[in-house]
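Q:
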Amino acid sequence: MQAAENDEASGSRVAEVFRAFLHLGLTSFGGPIAHLGYFRDAFVVRRKWIDEAGYADLVALCQFLPGPASSQVGFSLGVLRGGGLAGGLAAWAGFTLPSAALLIAFAFCAAALDNPVGEGILHGLKLVAVAVVAQALWGMARTLTPDRQRIAIAMGALILASIVGGWLGQVGAIAAGAVAGLFLCRGEASPTSAHPAFPVSRRAGIVALVLFAVLLVAPPVLLAWTGSHVLAFFDAFYRSGALVFGGGHVVLPLLENAVAAPGWVPLQDFLAGYGAAQAVPGPLFTFAAYLGAVSGVVPNGLLGASLALIAIFLPGLLLVYGALPFWDHLRALPRAQAAMRGTNAAVVGILAAAFYDPVLTSAIVQPTDAVFGLGGLLLLVFARMPPWVVVILLAGAGAVM
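As structure tokens, then:
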């Protein structure tokens, strides 16, 4: 009898988690930083699922790990409130599915834009990408490179990512940034506080971390034997999700290298989808669903969208689930904090390289493009317009041009 009541209470909490995050998934515009503000208001201030200090600790953990920070925070809050993994998955589904569905619908309607007005709209969405990435780059540079040491690390990462290119240049820049941070970014350890009691055992955490590593290493090995394109497709999105440090916009160069460079998705469609992703609520990582749907090679359509969506989110969720039982000890280590400062600075350089190529080089083809791109940036930064408003304005301007 008692067990049945406990199961019923657990199921009720999981349903509560899904409803709360579905509402946020339908209304949370503005990107990952804005999402963290929405979460704080919903779950710290109003619902009191977690206190202020515990929430700050959780945000720090998710910023420390690669992956989509706001989705990782939401997943962890679902684990906390829902009593385990089911609650985390309910939170992720509620927050993610609305924007994924909208971007898949956009992918299926893209063929209707194969005319002069449609091409103008798609070009306007490329200009949205210019404005949004420029805003993200400026904001991240101010936060993550506040001193000469980290500016130098960012510049080194920019040069390395530009010269080497591809995922090797990006991963190399992140690794070099971590090493440089150990020597250049030492300082007083960040203050710590009590961590909330997440219902995740150390054994479950270890299993999640091992699974993360296996899925990162095994697909390239199996791919060499089998040549399976489905496996290559999964690996491209999983690896992109596993290597993202610093927020959702940083996934842009990784995905561009993974799907646009080999020709799976034409670059113009890639940038148009990235622009459209700014107009929907929820996490930016759902851009992967669009890419999976429009892929020119199988899997594509709804199957490709589903596989891409799961693959890109899976590494970040495995990492945060595995790290929750061990976070208190790790975050207190000064050397770990120094390495992360260097990594975050390197991310700024990687995003700067991606901002030039492919964003600027493919979107700015005439002087009026530069004017509209700068106008979109000014609307975002100084007029503080929501991104979806800028999307409508620049898409309309593209159609008129």
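So my numbering is basically just the index in the sequence shown, starting at one, shifted up by 2. Ideal Cβ placement from N, Cα and C applies to all residues, glycine included.
Beta-carbon separation of PRO317 and GLY69 under 8 angstroms?
A: Your numbering for residue 317 matches position 315 in the sequence shown. Your numbering for residue 69 matches position 67 in the sequence shown. In this structure, GLY69 lies closer than 8 angstroms to PRO317 by Cβ.
Q: Report the rounded CA-to-CA distance for GLN280 versus LEU127, giving the unit in angstroms.
A: Translated into the one-based positions of the sequence shown, residue 280 becomes position 278. Translated into the one-based positions of the sequence shown, residue 127 becomes position 125. About 9 angstroms.
Q: Report yes if the C-beta distance between VAL1 and ALA92 is below 8 angstroms; otherwise report no.
A: For residue 1 there is no data in the structure shown, the boundaries of the chain being 3 and 403.
Q: Using alpha carbons as the reference points, say which of VAL173, PHE108, LEU129 and HIS37 lies closest to GLY303.
A: Here residue 303 refers to the residue found at position 301 of the sequence shown. Comparing Cα positions, the closest option is PHE108.
Q: According to DSSP, is VAL232 helix, strand or coil?
A: Counted from its first residue, the sequence shown places residue 232 at position 230. It is helical.
Q: Can you tell me whether DSSP reads PHE200 as helix, strand or coil?
A: The residue labelled residue 200 in the question sits at position 198 within the sequence shown. The answer is coil: DSSP assigns PHE200 none of H, G, I, E or B.
Q: On the criterion of 16 or more Cβ atoms from any shown chain inside 10 Å, does CYS111 qualify as buried, or is it exposed?
A: Along the sequence shown, read from residue 1 onward, the residue named residue 111 stands at position 109. By the neighbour-count rule (16 or more Cβ atoms within 10 Å), CYS111 is not buried but exposed.
Q: In three-state terms, what does DSSP make of CYS64?
A: As a first step, residue 64 is located in the sequence shown; it is residue number 62 there, counting from the start. CYS64 falls in the helix class under three-state DSSP.
Q: Is it true that the CB of ALA154 sits closer than 8 angstroms to the CB of GLY179?
A: Walking along the sequence shown from the start, residue 179 turns up at place 177. Walking along the sequence shown from the start, residue 154 turns up at place 152. Going by C-beta atoms, GLY179 is not nearer than 8 angstroms to ALA154.
Q: Is the distance from the Cβ of PRO221 to the Cβ of LEU233 below 8 angstroms?
A: Numbered from 1 along the sequence shown, position 219 holds the residue referred to as residue 221. Numbered from 1 along the sequence shown, position 231 holds the residue referred to as residue 233. Yes, the pair counts as a contact, with Cβ atoms nearer than the cut-off.
Q: For the alpha helix (DSSP H) that ASN302 lies in, which residues bound it at each end?
A: As a working mapping, residue 302 is identified with position 300 in the sequence shown. No alpha helix (DSSP H) contains ASN302, which DSSP labels as neither H nor E.
Q: Taking all protein chains shown into account, decide if ARG48 is buried (16 or more other Cβ within 10 angstroms of its Cβ) or exposed.
A: In the sequence shown, counting from the first residue as 1, residue 48 sits at position 46. It is exposed - the Cβ of ARG48 has fewer than 16 other Cβ atoms within 10 Å.
Q: Which same chain residues end up closer than 7 angstroms to ALA341 when comparing Cβ atoms and leaving out the 5 residues on each side of it in sequence?
A: Translated into the one-based positions of the sequence shown, residue 341 becomes position 339. ALA180, GLY183 and LEU184, listed in sequence order.
Q: VAL350 CB to nearest chain D CB: under 8 angstroms?
A: The structure shown contains no chain D, having only a single protein chain.
Q: Using only the alpha-carbon positions, how far apart do MET3 and ALA17 sit?
A: On the sequence shown, position 1 is the one that residue 3 refers to. On the sequence shown, position 15 is the one that residue 17 refers to. The pLDDT assigned to MET3 is 45, lower than 50, so where the model puts this residue is not dependable; a value taken from the coordinates is nonetheless given after this. Rounded to the nearest angstrom, the two C-alpha atoms are 21 angstroms apart.
Q: Please list the terminal residues of the continuous alpha helix (DSSP H) segment that includes ASP371.
A: Start at 1 with the first residue of the sequence shown, and residue 371 comes out as number 369. Per DSSP, ASP371 belongs to the alpha helix (DSSP H) from 369 to 383.
Q: Give the secondary structure of MET3 by DSSP, where H, G and I count as helix, E and B as strand, and everything else as coil.
A: Working through the sequence shown from its first residue, we reach residue 3 at position 1. Residue placement at MET3 cannot be trusted, given a pLDDT of 45 that sits under 50; what the coordinates show is reported in the next sentence. It is coil, neither helix nor strand.
Q: State the Cα-Cα distance for the pair LEU146 and LEU139, rounded to the nearest angstrom.
A: Here residue 146 refers to the residue found at position 144 of the sequence shown. Here residue 139 refers to the residue found at position 137 of the sequence shown. When rounded, the distance between both Cα atoms is 10 angstroms.
Q: Provide the residue span of the alpha helix (DSSP H) that contains TYR276, from first to last.
A: Locating residue 276 in the sequence shown gives position 274, where the first residue counts as 1. It spans 269 to 279 - the alpha helix (DSSP H) in which TYR276 sits, taken as one unbroken run.
Q: Looking only at its chain, what residues have a beta carbon closer than 8 angstroms to the beta carbon of ALA88, apart from the 5 residues adjacent to it on each side?
A: Sequence index remark: in the sequence shown, residue 88 carries index 86 (1-based). Correct list, in chain order: SER12 and VAL16.
Q: Suppose you measure from the CA of GLY277 to the CA of ALA238; what does that come to, to the nearest Å?
A: Position 275 of the sequence shown holds residue 277. Position 236 of the sequence shown holds residue 238. Approximately 21 angstroms between the Cα atoms of the pair.
Q: Which whole-angstrom value is the C-beta distance of PHE235 and LEU332, which I expect to be below 8 angstroms?
A: The residue given as residue 235 occupies position 233 in the sequence shown. The residue given as residue 332 occupies position 330 in the sequence shown. Not confirmed; about 33 angstroms, so no contact.
Q: Among VAL267, ASP371 and LEU273, which residue has its Cα nearest to the Cα of GLY306?
A: On the sequence shown, position 304 is the one that residue 306 refers to. Comparing Cα positions, the closest option is VAL267.
Q: Using the Cα positions of GLN74 and VAL61, report the straight-line distance between them to the nearest angstrom.
A: Within the sequence shown, residue 74 is the residue found at index 72, counting from 1. Within the sequence shown, residue 61 is the residue found at index 59, counting from 1. Their backbone Cα atoms lie some 9 angstroms apart in a straight line.
Q: So, using beta-carbon positions, are ALA313 and TYR240 closer together than 8 angstroms?
A: Within the sequence shown, residue 313 is the residue found at index 311, counting from 1. Within the sequence shown, residue 240 is the residue found at index 238, counting from 1. A contact, by the Cβ cut-off of 8 angstroms.
Q: From VAL402, GLY229 and PHE97, pick the residue whose C-alpha is nearest to that of TYR40; which is it?
A: As a first step, residue 40 must be located in the sequence shown, where it is residue number 38. Cα-wise, what sits closest to TYR40 is PHE97.
Q: So is HIS231 buried or exposed if we call it buried at 16+ other beta carbons inside 10 Å?
A: Here residue 231 is taken as the residue at index 229 of the sequence shown, counted from 1. Classification for HIS231: exposed.
Q: Who are the Cβ neighbours of ALA136 in its own chain at under 6 angstroms, not counting the five residues just before and after it?
A: The residue you call residue 136 lines up with position 134 of the sequence shown. Cβ neighbours of ALA136 beyond the five flanking positions: LEU379.
Q: Assign ASP371 to one of two classes, buried (16 or more other C-beta atoms within 10 Å of its C-beta) or exposed (fewer than that).
A: Within the sequence shown, numbered from 1, the residue matching residue 371 stands at position 369. When all chains shown are included, ASP371 counts as buried.
Q: Cα separation between LEU335 and VAL134?
A: By one-based count along the sequence shown, residue 335 stands at place 333. By one-based count along the sequence shown, residue 134 stands at place 132. Using only the alpha carbons, I get a separation of about 35 angstroms.
Q: Hey, how far is the Cα of ASP59 from the Cα of ALA338?
A: Position 57 of the sequence shown, counting from 1, holds the residue named residue 59. Position 336 of the sequence shown, counting from 1, holds the residue named residue 338. If you take the alpha carbons of ASP59 and ALA338, they lie about 15 angstroms apart.
Q: Can you tell me the Cα-Cα spacing of ILE161 and GLY351, whole angstroms?
A: Translated into positions along the sequence shown, residue 161 becomes position 159. Translated into positions along the sequence shown, residue 351 becomes position 349. About 8 angstroms.
Q: Using only CA atoms, which one of GLY400, ILE208 and ALA325 lies nearest to GLN368?
A: Counting from one through the sequence shown, the residue named residue 368 turns up at place 366. Per the Cα distances, GLY400.
Q: Looking at the secondary structure, which residues open and close the alpha helix (DSSP H) in which ILE106 lies?
A: On the sequence shown, position 104 is the one that residue 106 refers to. Start and end: 87 to 111.
Q: Where LEU38 and ALA177 are concerned, what is the direct C-alpha to C-alpha distance, given to the nearest angstrom?
A: For this step, residue 38 is matched to residue 36 along the sequence shown. For this step, residue 177 is matched to residue 175 along the sequence shown. Each residue's alpha carbon lies about 27 angstroms from the other.
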